[in-house]
Amino acid sequence: MSKLKPIVLLAVAVIIAFSSATLLADKPADEKVQIVVEQYRIGDLPVWTKDGHFDSEILMMYLQTTVAPNTWEARGGPATMAPYPQNASLVIRAPIKTHDAIKKVLKQHRGQ
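Letter by letter, the sequence shown follows residues -25 to -1, 1 to 87 in mature numbering (1 follows the signal peptide of the UniProt record, and there is no 0).
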């Protein structure tokens, strides 16, 4: 039961974020933005399976649906995200304002 606790906590956080968080507004398609690549260490967040394997899929889906959703490649935007399990991180290529919003969301989940 205790190993499921991080997953349950993340699910609760997703529900709270959808109901109360203010999210970064998407940019118009014709506006040019600077794209940068950043790495986010997330090993301290609930991204581990019960057998100890890195699994960032839920966190990635959460970020892509709450932080500038139309910015992500799946919706025709320039932003991409990939897990990097070797050091428990995400590598994200996105506009600077999207990175600012991601940092804010991750900070909230860390209770900072």
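Virtual Cβ for every residue (Gly too), placed ideally from N, Cα, C.
Being a predicted model, the structure only gives us computed values, none of them experimental.
Just to confirm my understanding: we take residue i, look at its own chain, exclude 5 residues before and 5 after, and list those with CB closer than 7 Å. What are they?
i          : result
residue 16 : 62, 63 and 64
residue 31 : 17, 22, 58 and 65
So what's residue i in DSSP terms, helix, strand or just coil?
i           : result
residue 39  : helix
residue 104 : The structure shown does not extend to residue 104, since the chain spans only -25 to 87, so no value can be given for it.
residue 22  : coil
residue 11  : strand
residue 50  : helix
If residue i sits next to residue j, beta carbons under 8 Å apart, how far is it from one beta carbon to the other, in whole angstroms?
i          : j          : result
residue 35 : residue 58 : 7 Å
residue 77 : residue 38 : 6 Å
May I have the straight-line CA-CA distance separating residue i from residue j, to the nearest angstrom?
i          : j          : result
residue 75 : residue 67 : 12 Å
residue 1  : residue 53 : Bear in mind that the predicted position of residue 1 carries a pLDDT of just 48, short of 50, making it unreliable; the figure below should be weighed with that in mind. The straight-line gap from Cα to Cα measures roughly 12 Å.
residue 80 : residue 86 : 10 Å
residue 84 : residue 29 : 18 Å
Among the residues of its own chain, which have a CB less than 8 Å from the CB of residue i, if the five just before and after it don't count?
i          : result
residue 12 : 66, 67 and 68
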